[in-house]
Amino acid sequence: MVNTIPVVDMHCDVLSKIQMNAELQFLKGPGLDVTQQRLEEGNVMLQTFAIYLSEKLGSLRFEHIMKQIEIYNQLGLKLVQSKEDISFLRKHLNNMRGGQWGLLSLEGVDGLEGNLYYLELCYRLGVRFVGITWNHANWAADGILEARNGGFTNKGRSLLHRCNEIGMLMDVSHLSEAGFWELADTSAQPFIASHSNARSVCPHPRNLTNDQIRAVVALNGRIGMTFVPWFVKEKGPVKISDLLKHIERVCELGGEKHLMFGSDFDGIHEWIQGLEHPGTYPELVNTLLKHYPESVVRGFMYDNILSFMEENLKSKER
1 MVNTIPVVDM HCDVLSKIQM NAELQFLKGP GLDVTQQRLE EGNVMLQTFA IYLSEKLGSL
61 RFEHIMKQIE IYNQLGLKLV QSKEDISFLR KHLNNMRGGQ WGLLSLEGVD GLEGNLYYLE
121 LCYRLGVRFV GITWNHANWA ADGILEARNG GFTNKGRSLL HRCNEIGMLM DVSHLSEAGF
181 WELADTSAQP FIASHSNARS VCPHPRNLTN DQIRAVVALN GRIGMTFVPW FVKEKGPVKI
241 SDLLKHIERV CELGGEKHLM FGSDFDGIHE WIQGLEHPGT YPELVNTLLK HYPESVVRGF
301 MYDNILSFME ENLKSKER
C-alpha cells in the first residue's frame, strides 16, 4: 500500500532504545519499531526523536543527553532547526521520500541537572522541543503521575522563561495538570502535547481533559494523537477505529487544525492492530480519507504541525 500523503510523527523513543542496546541497527532493525526502511515505506518525511533517559541508567546526568544527541547524529538524517528548514520541507514535499529529516526533543529535563546553561547547549546542538517532565516529579515540576499534582518549582519557572527567551518550544505530555495550567497562564509561546489522546474517550491520566484540549486550541498549540494502546482504549484489542474516536473528539472541541500524530513507537511493547510501525502509516491515512476530506487529512498528517513550527521556530542566525 502506497501513501502519497507525507507524514510528520512527533514522538518516538529510538534514541533511548539504542542507548540501552548499542547493537540495534537503525537502517533495518530488527528490534526497533522505527527504522530508516520503515520511515521510507510510511512516507514519514519528518520524525521527531525524543531524548528520554531511562531510569535504568541510574543517575540521570547531562552526559546521557549528550550520548543520545551523538546517537542521533549517527543516524544520517538531516536536522530541522529553523523556520527556513520548515519552508524547505514545504517547498519540496512532493519530491521528497520519507526518512530524510529528523527533529530532536527532550522528554523530561531531569538530565539538565537544574543547569540552564545545559538547556542552552541543547538548543545549540539542535534540540527544539522540551517536555518538562516524564511521569514523576523532577527539579522543575511534577509529572502527571505525581500524587500531589504540584506545578512548577521556582527553578522550573526560570526554565520556562529561559525557553521562551531562546526559542525552545515546550511539550506538556507527561506534565501534571497543575503544571499544564500554570504553563498555559504564563508561557509567552504556544505549546504542544506531543503524544496524548482525549481523556473523555479513554480515562488514562496521560490523556488530556476536554478543558485542556480547548486550552491548547485557544493558545494555537498542537495535540499529537498517540498509538499507545492503553491510551486509546481501556481493554481488549485496539484497532484504528478506536483511535478515530479520539481524533473525532479533538475535532469536536475545535481542534481540527491543531491535531497531529505522535506515535510513541519504540516506547511501547504493544501496538494498535494495523499500526505496528511507521511503515503502516498508509493504513491510517487511507482510513482517515474514508472519514475526512483530503485537505483535512493532510492537515492531520503534516500541515498542522508544520505551520506551528513555521510560526514558532526561530530563523537561522545570520
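Just so we're aligned: 2 in the UniProt record's numbering is position 2 of the sequence shown, and the numbers increase by one with no gaps anywhere. We put the CB at the ideal spot given by N, CA and C, even for glycine.
What residue range is occupied by the uninterrupted alpha helix (DSSP H) comprising residue i?
{"i": "Phe300", "result": "It is not in any alpha helix (DSSP H) - Phe300 carries neither H nor E in the DSSP assignment."}
{"i": "Leu259", "result": "Where Leu259 is concerned, there is no enclosing alpha helix (DSSP H), although the beta strand (DSSP E) it sits in stretches over Leu259 to Phe261."}
{"i": "Met309", "result": "Asn304 to Asn312"}
{"i": "Leu121", "result": "Leu116 to Arg124"}
{"i": "Gln68", "result": "Phe62 to Asn73"}
{"i": "Phe231", "result": "Pro229 to Val232"}
{"i": "Val250", "result": "Ile240 to Glu252"}
{"i": "Glu182", "result": "Glu177 to Thr186"}
{"i": "Arg90", "result": "Lys83 to Lys91"}
From the DSSP output, in three-state form, read off residue i for me.
{"i": "Glu107", "result": "strand"}
{"i": "Ala218", "result": "helix"}
{"i": "Ile132", "result": "coil"}
{"i": "residue 330", "result": "Lying before the first or after the last residue shown, residue 330 is absent from the chain, which here runs from 1 to 318."}
{"i": "Ala198", "result": "strand"}
{"i": "Gly224", "result": "strand"}
{"i": "Trp101", "result": "strand"}
{"i": "Gln36", "result": "helix"}
{"i": "Phe191", "result": "coil"}
{"i": "Ile51", "result": "strand"}
{"i": "residue 319", "result": "Within the shown structure, residues of the chain are numbered from 1 to 318, placing residue 319 beyond reach of any answer."}
{"i": "Lys290", "result": "coil"}
{"i": "Ala141", "result": "strand"}
{"i": "Lys28", "result": "coil"}
{"i": "Leu208", "result": "strand"}
Could you name the residues of the same chain whose beta carbon sits closer than 7 angstroms to that of residue i, not counting the 5 residues immediately before and after it, in chain order?
{"i": "Glu146", "result": "His136, Ala137 and Ser176"}
{"i": "Lys257", "result": "Gly299 and Asn304"}
{"i": "Glu84", "result": "Ser315 and Lys316"}
{"i": "Lys155", "result": "Gly114, Trp139 and Ala140"}
{"i": "Gly29", "result": "Thr35"}
{"i": "Asn197", "result": "Asn207, Met225, Thr226, Phe231, Val232 and His246"}
{"i": "Lys67", "result": "Gln19"}
Step through the CB atoms of chain D and report whether any lies within less than 9 angstroms of the CB of residue i.
{"i": "Leu243", "result": "The chain inventory of the structure shown lacks chain D, comprising one protein chain alone."}
What is the C-beta distance between residue i and residue j, in whole angstroms, given that I count them as a contact (C-beta under 8 angstroms)?
{"i": "Ala140", "j": "Phe129", "result": "Incorrect: roughly 15 angstroms between the Cβ atoms, too far for contact."}
{"i": "Ser54", "j": "Ser16", "result": "6 angstroms"}
{"i": "Val172", "j": "Leu183", "result": "6 angstroms"}
{"i": "Arg38", "j": "His277", "result": "5 angstroms"}
{"i": "Pro293", "j": "Asn3", "result": "With a Cβ gap of about 17 angstroms, Pro293 and Asn3 do not count as contacting."}
{"i": "Asp13", "j": "Ala50", "result": "6 angstroms"}
{"i": "Gly31", "j": "Gly98", "result": "No, Gly31 and Gly98 are not in contact; Cβ-Cβ is about 20 angstroms, not under 8 angstroms."}
{"i": "Thr48", "j": "His11", "result": "6 angstroms"}
{"i": "Ser82", "j": "Leu306", "result": "Ser82 to Leu306, Cβ: 13 angstroms. No contact."}
With residue i as the anchor, note down where its beta strand (DSSP E) starts and where it stops.
{"i": "Val7", "result": "Val7 to Asp9"}
{"i": "residue 323", "result": "Lying before the first or after the last residue shown, residue 323 is absent from the chain, which here runs from 1 to 318."}
{"i": "Asp171", "result": "Leu169 to Asp171"}
If we ignore side chains and look at the alpha-carbon of each, how far apart do residue i and residue j end up?
{"i": "Leu57", "j": "Glu63", "result": "11 angstroms"}
{"i": "Ser295", "j": "Phe227", "result": "22 angstroms"}
{"i": "Trp101", "j": "Pro237", "result": "33 angstroms"}
{"i": "Thr133", "j": "Trp181", "result": "15 angstroms"}
{"i": "Asp33", "j": "Lys78", "result": "20 angstroms"}
{"i": "Thr186", "j": "Gly179", "result": "10 angstroms"}
{"i": "Gly274", "j": "Leu288", "result": "13 angstroms"}
{"i": "Val44", "j": "Tyr117", "result": "33 angstroms"}
{"i": "Gly76", "j": "Leu243", "result": "32 angstroms"}
{"i": "Gln19", "j": "Ile268", "result": "16 angstroms"}
{"i": "Arg124", "j": "Lys239", "result": "40 angstroms"}
{"i": "Thr280", "j": "Glu23", "result": "24 angstroms"}
{"i": "Cys163", "j": "Asn286", "result": "38 angstroms"}
{"i": "Ile65", "j": "Glu165", "result": "22 angstroms"}
{"i": "Ile144", "j": "Cys122", "result": "24 angstroms"}
{"i": "Arg214", "j": "Arg249", "result": "11 angstroms"}
{"i": "Ala193", "j": "Arg90", "result": "23 angstroms"}
{"i": "Tyr72", "j": "Ala188", "result": "30 angstroms"}
Please work out which residues of its chain come closer than 6 angstroms, Cβ to Cβ, to residue i, disregarding the five sequence neighbours upstream and downstream, and give them in chain order.
{"i": "Val217", "result": "Gly254, Gly255 and His258"}
{"i": "Phe191", "result": "Met170, Val172 and Gly221"}
{"i": "Leu60", "result": "Leu53, Asp110 and Gly111"}
{"i": "Ile69", "result": "Leu125"}
{"i": "Phe261", "result": "Asp9, Gly224 and Met225"}
By Cβ distance, which residues of its chain are closer than 8 angstroms to residue i, with the 5 residues on each side in sequence left out?
{"i": "Pro229", "result": "Val238, Ile268, Glu270, Trp271 and Ile272"}
{"i": "Cys251", "result": "Leu259"}
{"i": "Arg27", "result": "At residue 27 the sequence reads Leu, which differs from the Arg that was named. Excluding positions up to five away in sequence, the list reads Thr35, Gln36 and Gln37."}
{"i": "Ser87", "result": "Glu310"}
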